[in-house]
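Asker: Have a look at this one before I ask anything.
Protein chains: 2
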Amino acid sequence: MAGPGPVLAAAAGLWARGAAAAEVAAARPGALEEEIVSEKAAEESHRQDSANLLVFILLLTLTILTIWLFKHRRARFLHETGLAMIYGVLVGVVLRYGIHVPSDVNNVTLSCQVQTSPATLLVNVSGKFYEYTLKGEISAQELNNVQDNEMLRKVTFDPEVFFNILLPPIIFYAGYSLKRRHFFRNLGSILAYAFLGTAISCLVIGSVVYGCVALMKVTGQLGGDFYFTDCLLFGAIVSATDPVTVLAIFHELQVDVELYALLFGESVLNDAVAIVLSSSIVAYQPAGDNSHTFDVTAMFKSIGIFLGIFSGSFAMGAATGVCLSNLSLTIGNVTKFTKLREFPLLETGLFFLMSWSTFLLAEACGFTGVVAVLFCGITQAHYTYNNLSTESQHRTKQLFELLNFLAENFIFSYMGLALFTFQNHVFNPTFVVGAFLAIFLGRAANIYPLSFLLNLGRRNKIGTNLQHMMMFAGLRGAMAFALAIRDTATYARQMMFSTTLLIVFFTVWVFGGGTTAMLSCLNIRVGVDADQENVGVPESERRSTKAESAWLFRMWYNFDHNYLKPLLTHSGPPLTTTLPGCCGPVARCLTSPQAYENQEQLKDDDSDLILNDGDISLTYGDSTVNTDSVASSGASRRFVGNSSEDALDRELAFGDHELVIRGTRLVLPMDDSEPPSNVLDSARHGPA
Amino acid sequence: MAGPGPVLAAAAGLWARGAAAAEVAAARPGALEEEIVSEKAAEESHRQDSANLLVFILLLTLTILTIWLFKHRRARFLHETGLAMIYGVLVGVVLRYGIHVPSDVNNVTLSCQVQTSPATLLVNVSGKFYEYTLKGEISAQELNNVQDNEMLRKVTFDPEVFFNILLPPIIFYAGYSLKRRHFFRNLGSILAYAFLGTAISCLVIGSVVYGCVALMKVTGQLGGDFYFTDCLLFGAIVSATDPVTVLAIFHELQVDVELYALLFGESVLNDAVAIVLSSSIVAYQPAGDNSHTFDVTAMFKSIGIFLGIFSGSFAMGAATGVCLSNLSLTIGNVTKFTKLREFPLLETGLFFLMSWSTFLLAEACGFTGVVAVLFCGITQAHYTYNNLSTESQHRTKQLFELLNFLAENFIFSYMGLALFTFQNHVFNPTFVVGAFLAIFLGRAANIYPLSFLLNLGRRNKIGTNLQHMMMFAGLRGAMAFALAIRDTATYARQMMFSTTLLIVFFTVWVFGGGTTAMLSCLNIRVGVDADQENVGVPESERRSTKAESAWLFRMWYNFDHNYLKPLLTHSGPPLTTTLPGCCGPVARCLTSPQAYENQEQLKDDDSDLILNDGDISLTYGDSTVNTDSVASSGASRRFVGNSSEDALDRELAFGDHELVIRGTRLVLPMDDSEPPSNVLDSARHGPA
């Protein structure tokens, strides 16, 4: 068996698996046998891959079945992501200690005189050429590990699978299901938390961890290099929050919508920021041999990379969204009077393909696909959704809801599995404690100072209890895990990964489970009807509440309402009224006939569809249902008021209900007969 | 640049692409630079992969948009699959002749002394170890080609992608959307065509082609070996029919349902037969050195492999379907009284995962996943579908409809592309002509003799015009292409692939386009309402029509109706009545309470849902709609008749309407105001 060393003699065996091994050993090196053997090896490899994927499918199936079971016990302490992690851990234990598939053949190692590792390799075997593709670098440790347990290696995915296959649907769905009214109302705060807050968090965490690492170096616990850039990278990685558990509970109990919006918006955007930030930090390459000294040029270059990639991805995502909305508008107009049986299928297919193409285009251009699909999702929700037929609105939403559900639970299962299947864990108690302290301080440094500053400008201030809840709800999840596992080549990165895993486990299980208790502890109001909250508030305050939607947003809103919406959807005032006179002919061209009809109502088409408890209630035109009735009557009362802000509020209010809120799929279904506030009371007073 | 030769000197360059090349040339072999370089190479490779996938996504998008455009012109000559192929061809031309990405660096070829090609390779580069995975064998030709045009290589997929990713959704959806009443009524005929017919077709085609090849050898046109086993393999490959175009037109014009069922059922099953048959032929390994002599043992072994794999895959697919139906039944009972908001999501997720797991399980056990998912789909449609909630029925159907749509158009686009991107075409006019002759004769030998024999036993005979139509409708498509492209290593296989491609093009464009004309030419009735056909037929004939559903089917039906249905769904007579007395306690256990309610009606739950023109019309219990009303009133009239056959007919009649028929998504939408017969008349008399 080959051990690590500078030069290894070429072994003449085969690195095969299972039954093929015996055959291989007996095979004579003739042409036919070789062909059969390599076919068998490929086939065996394929069967193994199928078996591995099957393990994950069964994990997911188990998770779904348990969710069903849990509904009886109304277990509010365990969300499905936490459940998926538990199952992953269990299976990981089984794979690690229960099953042992020894590799009973040797590796083949070539000691060829190549100076660089090419992407593709041609190997000449007795006149036949075989093509090999570079999978990656293997550290000396892994070499040894490989021979220990084949099984573990096979259930390990290439980290890029997360960024190319699993995260895009999750992030897209997050953007597509944004609760727009409250998101845009709190846009300034959300942007502050997402950008400034993440940067602050990254720096604070990096510094605290650096101190911890310095301590470890002094006490001799450090087994390898751990630079400040690594600490900063760790800071960026664990700054990506994923409060999916908390949000699910919030939605279930109908917690304060302001809090929900802040938390959700922040988490969605700081995922995007964290990815690009970590890429920028990794791209930090100072001149000279030592790659970890401080170099101002390199730092500014990294910052430039951050800005460039982020804005590029943003632009790409938004552009595709706008493009698709234009397309769907045109097609909708063209096909409006033909009853095309396959219309929803084609619409859904087109929607899916163009969203996917956003991702690919961004990746092909060197930007970040995940960030692009986020903004694509937001844009689609704002424009394209209105242009789709009702059936297609359902279908697209359901499709991405399913993809999001499967991908998210897959990642969380994998997380649990990785605790045991990852073979290069570096668990250092000092570092772990330091990391937990760091994220606590980082979150605090993020939330409290920023909230204070924001409250100076906000009318509807973020109360201290809300701040405490935001502090508490800083769970880590899929994004942090994916970023951490992306590169585990060095000692530092391995330690970071192991610690991130522990952080995710702890926050999801402990903080996620304690959310309900914390809610009552902090006296945060529940059972809040999203629209009724307008009723109790006096009109003057409501007017000023809207005024707090900063000038930035008002600017954007006017632009959007007067130009973009008419251009891209059927709603909003006709372009002929909003564009200056010189553009008259163009405006007439571009104005949808429906816009003239809608002018009186100034209402989005997406008020047509309101989902209630899984039933599809269709309303069209002026007729409204349930929660909307208050707002709409309120709207007509205020019609004479300041048009832009009232229109804003009306528009966003109508536009919100149909979108499924991310985090809705719960372990914690509630019987509709039971009012939420009672549940919380019983939680406060202990189980009944 | 390296040319083909037995031993190649190791080149010190890099096989990289684009901008990385210059950097690489200048890189000093230091550790850091190597790391950057290999990271850059991997990144460049990833960007290239994204760009390639983007090409296909844009192809699909174009296809969808053109379908929309076509609806205006009601072009009935071009189905979307033919359209996708055209676009593929156009893009292929552009890629081949328009874009030239020269590879301006050398390959790296290692002349290492290895005796076999391992599945994984470790390369030692100055102390660092890199892992390479075996991609495949490259022939000497390809080596040269590779250096010509990188672009073409990159848009070429590993053929296993078709069998692992693209074909499963297509085949599953075919099984899931089977028109059950007519399928089971004609089960005997369909099985005959699918099994016997495919075998006959394979032998006839193989023989004719062998004759052609012998001729070519005599005239010196043959450039390589072409054995009889290759001819047989070609026969198996092109026996897989895929009349999706024709079926779409049939559905559109509401052609004779008997014909539709025969054609659809045959195509679905003969795909399965063709896959396993081709695997068996490939597995033909006679003893001794010459692998192409006739060896009875080897032949029987191949036959054994065929039977083993087919029945194993069938069993696996059916078992998983039954398993899932059991599961969904249990869950349905448990959750019946809780209004679970996420119920449809969980149900759909579970359905999707278990269908996928069927595929993986079959593949992991060495069976054929595609065949397993076919039978899984059929089983799901028969049992599990009834147990799902209404919302889930929609969702699962829509989900797989979308997957089927995307996958099918992807394959057809790829076919068009492959005409120009495949670099080892072998077009031989003699062989092509011989192949066309062969498939004509093969189809004739399949249809006519079997129809004659079947008509001896059938009451409702298959008329000669129907036989001619079946002869005409032998289009080839996705399955034939995938089987042909699976292995193109040898000269014979390359010639077979090129010819198969031409066959697919010709049959889809020419025969698909000429379907409408052929329908009127053969005087096949159109505008047939699936249920009304029972009304006009006298009762005595109807009774005997049912009797023709052979004893085989009657046996299966009784078993299914009395035991399986009650066990796996809510419908059918309660087990307590059908099981013998001794099993009383068990039967009481397993009988769903709902079964007692249903006993009077003997009706499937799936009569609850009938889709009309994209609108969702819900009926429950006795109330019916539109097309069903005739049948149900007819049903109550015949209630006193022979219970098993009438019940059969009733049950299947009710069960059919909700399933979307494969091939429905059309280029050819019809305005509902226009009756189909008029359209056909106008087709007959030429365009208006």
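So the sequence lines, in the order shown, correspond to chains C and P. The first sequence finishes on residue 689 if you use my numbering, and the numbering steps up by one all the way, no holes. The second sequence finishes on residue 689 if you use my numbering, and the numbering steps up by one all the way, no holes. Glycine included, C-beta positions come from ideal geometry on N, C-alpha and C. All values reported here derive from a predicted model rather than from experimental measurement.
Given a cut-off of 9 Å, decide if C/L263 and C/N187 are closer than it, judged by their beta-carbon atoms.
Answerer: Less than 9 Å separates the beta-carbon of C/N187 from that of C/L263.
Asker: If I'm right that P/L418 touches P/G89 with Cβ under 8 Å, what's the distance once you round it to whole angstroms?
Answerer: 4 Å
Asker: Between P/D561, P/G514, P/P567, P/V505, which has its C-alpha nearest P/T242's C-alpha?
Answerer: P/V505 is the residue among P/D561, P/G514, P/P567, P/V505 whose C-alpha sits nearest the C-alpha of P/T242.
Asker: Would DSSP call C/R396 helix, strand or coil?
Answerer: Collapsing the DSSP output to three states places C/R396 in a helix.
Asker: By the 9 Å beta-carbon criterion, what residues does the stretch 352–366 of chain P contribute toward chain C?
Answerer: F353, L354, M355, W357, S358, F360, L361, L362, A363, E364, A365, C366
Asker: Could you run through the stretch 369–402 of chain C and flag, in chain order, every residue whose CB is less than 8 Å away from some CB of chain P?
Answerer: G370, E392, R396, Q399, L400, E402
Asker: Alpha carbon to alpha carbon, what distance is there between P/K155 and P/Q49?
Answerer: Each residue's alpha carbon lies about 8 Å from the other.
Asker: Using the C-alpha atoms, what's the distance from P/S393 back to C/L400?
Answerer: 12 Å
Asker: Between P/L330, P/S358, P/Y194, P/C366, which has its C-alpha nearest P/L569's C-alpha?
Answerer: P/L330
Asker: Compare the C-beta of P/F311 against all C-beta atoms of chain C and say whether one is closer than 9 Å.
Answerer: no
Asker: Rounded to a whole number of angstroms, what is the C-alpha to C-alpha distance between C/V124 and P/T380?
Answerer: C-alpha of C/V124 to C-alpha of P/T380: approximately 47 Å in a straight line.
Asker: Could you tell me whether any Cβ in chain C is nearer than 9 Å to the Cβ of P/T349?
Answerer: yes
Asker: Let me know the secondary structure DSSP gives C/Y477 once reduced to three states.
Answerer: A quick correction: the sequence has Arg, not Tyr, at residue 477 of chain C. Three-state result, C/R477: strand.
Asker: According to DSSP, is C/V247 part of a helix, a strand, or is it coil?
Answerer: helix
Asker: When you compare only the Cα positions, how much space is there between P/L362 and P/F164?
Answerer: 14 Å
Asker: Quick one: any contact between the stretch 299–307 of chain P and the stretch 351–358 of chain P, if contact means 3 or more CB pairs under 8 Å?
Answerer: Verdict: no, contact absent.
Asker: Between the C-alpha atoms of C/M519 and C/R459, what's the straight-line distance to the nearest angstrom?
Answerer: Put simply, the backbone Cα of C/M519 is about 25 Å away from that of C/R459.
Asker: Just to check my reading of the structure: C/A436 and C/G225 have Cβ atoms closer than 8 Å, yes? What is that Cβ distance to the nearest angstrom?
Answerer: Contact flag wrong, Cβ pair sits at about 17 Å.
Asker: Say whether chain P places a C-beta atom closer than 9 Å to the C-beta of C/P345.
Answerer: yes
Asker: So P/T199 and P/N271 are in contact, right, with Cβ under 8 Å, and what is the actual spacing, rounded?
Answerer: 5 Å
Asker: Is the stretch 205–219 of chain C touching the stretch 228–238 of chain C, taking contact as three or more C-beta pairs under 8 Å?
Answerer: Counting Cβ pairs under 8 Å, three or more are found: they touch.
Asker: Going along the chain, which residues of its own chain have a beta-carbon closer than 8 Å to the beta-carbon of C/N456, five neighbours each way excluded?
Answerer: Excluding five sequence positions before and after C/N456, the CB atoms of its chain that fall closer than 8 Å to its own CB belong to K462, I463, given in chain order.
Asker: Going along the stretch 248–266 of chain P in order, which residues come within less than 9 Å of chain C, judged by CB to CB distance?
Answerer: Within the stretch 248–266 of chain P, contact with chain C at the beta-carbon level (separation under 9 Å) is assigned to no residue.
Asker: For C/F163, go through chain P and note every residue whose CB falls closer than 9 Å to its CB, in chain order.
Answerer: In chain order: nothing, as chain P lies at least about 13 Å away.
Asker: Decide if C/Y415 is buried, meaning its Cβ has at least 16 other Cβ atoms within 10 Å, or exposed.
Answerer: buried
Asker: Which residues mark the beginning and the end of the alpha helix (DSSP H) in which P/T517 is found?
Answerer: Taken as a continuous stretch (DSSP letters only), the alpha helix (DSSP H) holding P/T517 covers 516–522.
Asker: Report buried or exposed for P/L153, applying the criterion of at least 16 other Cβ atoms within 10 angstroms of its Cβ.
Answerer: buried
Asker: What residue range does the alpha helix (DSSP H) around C/D272 cover?
Answerer: 258–283
Asker: Quick one: grab the DSSP three-state call for P/V427.
Answerer: coil
Asker: Please report how far the alpha carbon of P/V95 lies from the alpha carbon of P/A52, in whole angstroms.
Answerer: 15 Å
Asker: For P/M470, is the classification buried or exposed, using 16 other Cβ atoms within 10 angstroms of its Cβ as the cut-off for buried?
Answerer: buried
Asker: I need the DSSP call for C/T489, collapsed to helix, strand or coil.
Answerer: coil
Asker: For P/V156, which of helix, strand or coil comes out of DSSP?
Answerer: Note: P/V156 maps to coil in three-state DSSP.
Asker: Given this structure, state the Cα-to-Cα distance separating P/T508 from P/T82, to the nearest angstrom.
Answerer: Going from the Cα of P/T508 to the Cα of P/T82 covers about 12 Å.
Asker: Suppose the cutoff is 6 Å on Cβ atoms and the five residues either side in sequence are ignored; what does the same chain contact list for C/L223 look like?
Answerer: M217, listed in sequence order.
Asker: Can you find a CB in chain C that lies within less than 9 Å of the CB of P/A52?
Answerer: yes
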